[in-house]
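Engineer:
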Amino acid sequence: MLGLLLVSCFGHQAQGLELNENYPESYIVRKGDTLWDISAHFLKSPWLWPKLWQANQQIANPHLIYPGDVLRLIWVNGEPRLVRGEADKVVHLAPRVRTDSAVATIPLSSILNFVDSHRVMSPAVFEQASYILGDQQGREVMVKDSSVYVRGQLTPGTLYGVYRPQEMLIDRFTHAELGQKAALVGTLLAGEQQGYQMTEAQVSSMKQEMRQGDRVLPLSQDGGIAAFHYPRPGPALDQAYIMAMGTEGSVIGRHGVVFINKGHADGVRAGDLYAVMKPGASVYDVNPGTSGRLTYADMASNYLRTGSRPEQLPDEAMARIMVFKVDDKTSAALVLDNRGLVQTNYSLSHVSDAGFGS
1 MLGLLLVSCF
11 GHQAQGLELN
21 ENYPESYIVR
31 KGDTLWDISA
41 HFLKSPWLWP
51 KLWQANQQIA
61 NPHLIYPGDV
71 LRLIWVNGEP
81 RLVRGEADKV
91 VHLAPRVRTD
101 SAVATIPLSS
111 ILNFVDSHRV
121 MSPAVFEQAS
131 YILGDQQGRE
141 VMVKDSSVYV
151 RGQLTPGTLY
161 GVYRPQEMLI
171 DRFTHAELGQ
181 KAALVGTLLA
191 GEQQGYQMTE
201 AQVSSMKQEM
211 RQGDRVLPLS
221 QDGGIAAFHY
231 PRPGPALDQA
241 YIMAMGTEGS
251 VIGRHGVVFI
261 NKGHADGVRA
271 GDLYAVMKPG
281 ASVYDVNPGT
291 SGRLTYADMA
301 SNYLRTGSRP
311 EQLPDEAMAR
321 IMVFKVDDKT
331 SAALVLDNRG
341 LVQTNYSLSH
351 VSDAGFGS
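So that you can map any letter, position 52 of the sequence shown is 52 in UniProt numbering, and since no number is skipped, the others follow by simple counting.
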């Protein structure tokens with residue numbers, strides 16, 4: 001996967017490079033860095049990373065960098081370029097055995113952990129799915145390696161996922177049900193049919209407690225991360241916002257996963273980049289002679305709330321996200337960098353509106 005994201009960026013390089021105000025002259029690659037993180041130290045638009053490497057063609061694959069490598073910023077014909085070398089000169093790196101892995105483009109582990117553990121599906125599909133009836137011992141909570149019975153016809157010898165519903169994703173503008181969010185609690189290996197619409201199965205793995213009523217579905221094989229190697233500013237979206245977090249709760253930080261209320265039907269693609277905007281505070285700006293003082297809307301009196309409208313301060317860019325999994329009406333995205341915690345109901349804007357680096 002390494003490098004594919006970078007190569008795909010060349011189609012978007014008509015845009016000029018704009019350096020951050022406090023860009024470093026050099027940078028030592030650290031363990032845990034990603035190419036997005038490193039480029040964000042230098043560029044306001046980290047997805048234009050490959051342009052920085054154009055002066056370093058003597059290296060067979062300049063995108064393969066490792067912890068401990070020194071990266072230097074130089075200038076060629078007035079354009080910034082990034083090369084690999086020592087503090088005082090550019091050097092050719094002799095082949096040697098690397099004990100560390102090359103720096104990844106983005107934190108793949110965050111995406112893989114999410115894809116392996118979560119799904120969003122049609123509410124009707126989830127409601128009609130097979131479910132765990134129980135076991136012969138009368139337990140509400142199933143035990144690993146035990147036999148359980150499932151309401152529904154499963155294919156013998158096939159591994160199934162057991163899912164528990166989380167929140168229903170409902171668009172706050174249209175009030176439409178966009179998808180059922182579900183978490184993987186474990187897996188079952190289907191056995192033989194035991195009469196009409198009943199299958200015996202064995203609990204093969206558990207991520208958390210598996211209970212009566214948990215839904216049984218084929219494990220997702222839809223290639224959720226197969227097309228995320230194309231980072232670019234996403235198309236304009238109307239009334240797009242953060243619907244929910246990939247985990248429990250309503251806030252998340254860097255490398256967390258969020259759900260947005262747009263998908264294939266809205267032209268969203270894996271790799272689309274967006275800015276996350278924190279709503280500006282509301283202030284009642286009224287004549288001090290009549291109200292006594294300025295006040296924020298959340299602390300205003302009932303008199304102010306019923307008699308006038310507050311003024312909205314500008315939204316503030318809080319994070320940049322990249323879509324990596326797209327369904328029909330919703331998408332999952334990764335927080336690549338942020339200034340503060342991302343919350344539900346924060347709106348999305350063009351990625352250039354974020355305007356910040358690491």
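Backbone N, C-alpha and C fix where the C-beta goes; we use that ideal spot for every residue, glycine too.
Model, not experiment: these values are computed from the prediction.
Take every Cβ of the stretch 135 to 147, pair it with every Cβ of the stretch 65 to 76, and state whether three or more of those distances are shorter than 8 Å.
Structural biologist: No, the stretch 135 to 147 does not touch the stretch 65 to 76.
Engineer: Classify V323 as buried or exposed, calling it buried when 16 or more other Cβ atoms lie within 10 Å of its own Cβ.
Structural biologist: The residue is buried, with at least 16 neighbouring Cβ atoms inside 10 Å.
Engineer: When the distance is taken between beta carbons, is L17 closer than 9 Å to L35?
Structural biologist: Cβ distance not < 9 Å, so L35 and L17 don't count as in contact.
Engineer: What three-state label does DSSP hand E192 in the structure shown?
Structural biologist: The answer is strand: DSSP assigns E192 an E or B state.
Engineer: By a C-beta neighbour count over all protein chains shown, 10 Å radius and 16 as the cutoff for buried, is I106 buried or exposed?
Structural biologist: So I106 ends up on the buried side.
Engineer: Quick check on the burial criterion: 16 or more other C-beta atoms within 10 angstroms. Buried or exposed for L112?
Structural biologist: Answer is exposed; the Cβ neighbour count stays below 16.
Engineer: Any idea what DSSP makes of E127, helix, strand or coil?
Structural biologist: Residue state, collapsed to three classes: helix.
Engineer: To which residues of the same chain is A354 closer than 6 Å at the C-beta, ignoring the five residues directly before and after it?
Structural biologist: Hits under 6 Å: A275, A317, R320.
Engineer: Verify whether the separation of the beta carbon atoms of P67 and K31 is less than 9 Å.
Structural biologist: Yes, the Cβ-Cβ distance between P67 and K31 is below 9 Å.
Engineer: Straight-line CA distance for L219 to E21?
Structural biologist: Going by the C-alpha atoms only, they are around 47 Å apart.
Engineer: Specify the secondary structure class of L313 as computed by DSSP and reduced to three states.
Structural biologist: The answer is coil: DSSP assigns L313 none of H, G, I, E or B.
Engineer: For T155, count the other beta carbons within 10 Å of its own beta carbon; 16 or more makes it buried, fewer makes it exposed. Which is it?
Structural biologist: With fewer than 16 other Cβ atoms within 10 Å, it is exposed.
Engineer: In the DSSP assignment, what are the bridge partners of P165?
Structural biologist: Answer is A182.
Engineer: Give the secondary structure of H12 by DSSP, where H, G and I count as helix, E and B as strand, and everything else as coil.
Structural biologist: With a pLDDT of 41 at H12, under the threshold of 50, the modelled position of that residue is not reliable, and no figure is offered here.
Engineer: Whose CA, out of Y196, G213, L184, lies closest to the CA of R206?
Structural biologist: Before going further, note that residue 206 is Met rather than Arg in the sequence given. Among Y196, G213, L184, the Cα nearest to that of M206 belongs to L184.
Engineer: If you compare alpha carbons, which of L64, R211, R232, L133 is closest to D272?
Structural biologist: When only C-alpha atoms are compared, the closest one is R232.
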